[in-house]
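The sequence shown begins at 1 in UniProt numbering and counts up by one.
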Amino acid sequence: MSDSAFNVAEIGRTFWSDNVYEPSDDSFLLVDVLQESPCSWLSKKPTLVVEIGSGSGYVICSAARILKHKGLHSHMIAVDINPAACHATQQTLCNHEIHDVDVITSDLLAPLLPRVCGMIDVLIFNPPYVPTPDHEVRNKGISQAWAGGERGRVVIDRLLSQLPDLLSPQGELIMVAVAENDIPELIHIMEGRGFRGTMLMTRRADEELLSILRFTKDLGNIPRVQ
1 MSDSAFNVAE
11 IGRTFWSDNV
21 YEPSDDSFLL
31 VDVLQESPCS
41 WLSKKPTLVV
51 EIGSGSGYVI
61 CSAARILKHK
71 GLHSHMIAVD
81 INPAACHATQ
91 QTLCNHEIHD
101 VDVITSDLLA
111 PLLPRVCGMI
121 DVLIFNPPYV
131 PTPDHEVRNK
141 GISQAWAGGE
151 RGRVVIDRLL
161 SQLPDLLSPQ
171 GELIMVAVAE
181 NDIPELIHIM
191 EGRGFRGTML
201 MTRRADEELL
211 SILRFTKDLG
221 NIPRVQ
C-alpha cells in the first residue's frame, strides 16, 4: 500500500445512515483524482476549498487530510442540502480529528453568496447525476444525492451557470459526471462561458461509466455566452 493511501479518510471512521449517501465508486474516484493530481489543485496552494454534496464527508475529509499531509492550510467548507448528510459529514470529520471544516446545510451555495464569489480556488462537486423524472429532484432525503432530473442535468446545469461568478481567477471545479449527462455538451457549454473542460479520469462502475471533469477559467478567452 502506498504512503498516499494513508492520507485519505478511513471507511471505518466514516459515518453514514440510511438517509445519507455512503461512500461509493464515485466518491472513491473523486478521491483518487485528488490524490493523483498534485500538479493542479495542490500546487496552487488553495486558500478556499468547497465541496457541494458532501454526503458522508468522505471526500472533504480526504481532501483535508491530503492538504495537511502536504503542509498546506485552507479554509474548507462542506455543503449538503440534506441535514442528515451534514450531520454525517460533521461526525466523519470529528472521527478523524479534523475540526476546522465548516459544514453548512444549503441548496448549492445560496447562504454563502455573494461572500464567496470569485474566491473559491477548488470546488468539488459530486452532483445528483442519475437521469430521473424532473419531479424526483424535489424529493427530500437520500434521493437528493442521486436524482438528477432530465439527463441527470438539473442540478449540474444550475451549478455550472453560477461557476463564472464562483471561482477565483486560478480556481477549478472538479466534478463527477456520467455519459448520460452528455459530457461533450457540458464542455462545449462551458467553453462558451470562458472555461476549459478536461476529463481527468474515467472508471466503469456496474452500469455507469463515471468520469471526473475539471473546469478552469480560460483567461485568454472572452466568453461568448452568458
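All C-beta atoms, glycine included, are put in the ideal place defined by N, C-alpha and C.
Kindly identify the DSSP beta-bridge partner or partners of F28.
The residue given as residue 28 occupies position 28 in the sequence shown. In DSSP, F28 forms no bridge with anything.
What are the uninterrupted segments assigned as beta strand (DSSP E) that are 3 or more residues long and contained completely in the region 39–102, given in chain order?
For the region 39–102, whole beta strand (DSSP E) runs of length 3 or above, ordered along the chain, are 48–52 and 75–80.
I think A177 touches G55, with their Cβ atoms under 8 Å apart; what is that distance to the nearest whole Å?
Reading the sequence shown from its first residue, position 177 is the one you call residue 177. Reading the sequence shown from its first residue, position 55 is the one you call residue 55. That belief does not hold up - the Cβ atoms of A177 and G55 are roughly 17 Å apart, past 8 Å.
Using the C-alpha atoms, what's the distance from R196 back to P164?
Residue 164 sits at position 164 when you count from the first residue of the sequence shown. Residue 196 sits at position 196 when you count from the first residue of the sequence shown. Approximately 12 Å, taken between the alpha carbons.
So, with DSSP's three-state summary, where would you put S2?
Walking along the sequence shown from the start, residue 2 turns up at place 2. The predicted position of S2 is uncertain, since its pLDDT is 49 and thus under 50; no value can be drawn from it.
Using the rule of at least 16 other Cβ atoms within 10 Å of the residue's Cβ for burial, across every protein chain shown, is H87 buried or exposed?
As a first step, residue 87 is located in the sequence shown; it is residue number 87 there, counting from the start. By the 10 Å Cβ count, H87 comes out buried.
Within 10 angstroms of the Cβ of M199, are there 16 or more other Cβ atoms? Answer buried if so, exposed if not.
By one-based count along the sequence shown, residue 199 stands at place 199. Exposure of M199 is indicated by the presence of fewer than 16 other C-beta atoms within 10 angstroms of its C-beta.
Please work out which residues of its chain come closer than 6 Å, Cβ to Cβ, to N7, disregarding the five sequence neighbours upstream and downstream, and give them in chain order.
Counting from 1 along the sequence shown, the entry for residue 7 is found at position 7. Closer than 6 Å at the Cβ level, and outside the excluded window around N7, lie R65, I66 and H69.
Give me the DSSP bridge partner(s) of I208.
Numbered from its first residue, the sequence shown carries residue 208 at position 208. According to the sequence displayed, residue 208 carries Glu and not Ile. Paired residues: A205.
Can you tell which of S40, L93, M190 and R115 has the C-alpha that lies nearest to the C-alpha of R158?
Start at 1 with the first residue of the sequence shown, and residue 158 comes out as number 158. Among S40, L93, M190 and R115, the Cα nearest to that of R158 is on M190.
Starting from G192 and walking both ways along the alpha helix (DSSP H), at which residues does that stretch end?
Here residue 192 corresponds to residue number 192 of the sequence shown, with the count starting at 1. G192 -> alpha helix (DSSP H) spans I183 to G192.
Thinking C-alpha only, which one of G57, W41 and L166 is nearest L113?
Here the question's residue 113 lines up with position 113 in the sequence shown. Nearest C-alpha to L113: L166.
If you draw a straight line from the alpha carbon of R224 to that of H188, how long is it in whole angstroms?
Position 224 of the sequence shown, counting from 1, holds the residue named residue 224. Position 188 of the sequence shown, counting from 1, holds the residue named residue 188. Any reading at R224 needs caution, since the residue's pLDDT is 49, under 50, leaving its predicted position unreliable; the model's value is listed next. Looking at the two C-alpha atoms, the distance is approximately 11 Å.
For G141, which of helix, strand or coil comes out of DSSP?
Here residue 141 is taken as the residue at index 141 of the sequence shown, counted from 1. DSSP places G141 in helix when its eight states are reduced to three.
Please confirm if the region 20–34 is in contact with the region 100–107, defined as three or more CB-CB distances below 8 Å between the two stretches.
no
Does the distance from the CB of V62 to the CB of D121 come in under 9 Å?
Locating residue 62 in the sequence shown gives position 62, counting from the first residue. Locating residue 121 in the sequence shown gives position 121, counting from the first residue. According to the sequence provided, residue 62 is Ser. The question's Val does not apply to it. For the pair S62 and D121, the CB atoms are not nearer than the 9 Å cut-off.
Could you check what DSSP says for Q226 in three-state terms: helix, strand or coil?
Here residue 226 corresponds to residue number 226 of the sequence shown, with the count starting at 1. Caution is warranted here: a pLDDT of 43 is assigned to Q226, below 50, making its placement in the model unreliable, and the coordinate value is therefore given only provisionally. Three-state result, Q226: coil.
Please name the residue in N181, D18, T89 and V20 whose C-alpha comes closest to that of E208.
Counted from its first residue, the sequence shown places residue 208 at position 208. With distances taken between Cα atoms, E208 lies closest to N181.
Can you tell which of E51, M119 and G149 has its C-alpha closest to the C-alpha of H135?
Taking the sequence shown and counting its residues from 1, one reaches residue 135 at position 135. Distances from the CA of H135 to each of E51, M119 and G149 were compared; the closest alpha carbon is that of G149.
Counting along the chain, where does the alpha helix (DSSP H) carrying S161 start and finish?
One-based indexing of the sequence shown puts residue 161 at position 161. Unbroken alpha helix (DSSP H) run through S161: V154 to L166.
Boundaries (first-last residue) of the beta strand (DSSP E) holding L123
Your numbering for residue 123 matches position 123 in the sequence shown. Taken as a continuous stretch (DSSP letters only), the beta strand (DSSP E) holding L123 covers I120 to F125.
Reduced DSSP secondary structure (H/G/I, E/B, other) of A177:
One-based indexing of the sequence shown puts residue 177 at position 177. Note: A177 maps to strand in three-state DSSP.
Tell me, please, whether the region 37–52 touches the region 70–81 by the rule of three or more beta-carbon pairs shorter than 8 Å.
yes
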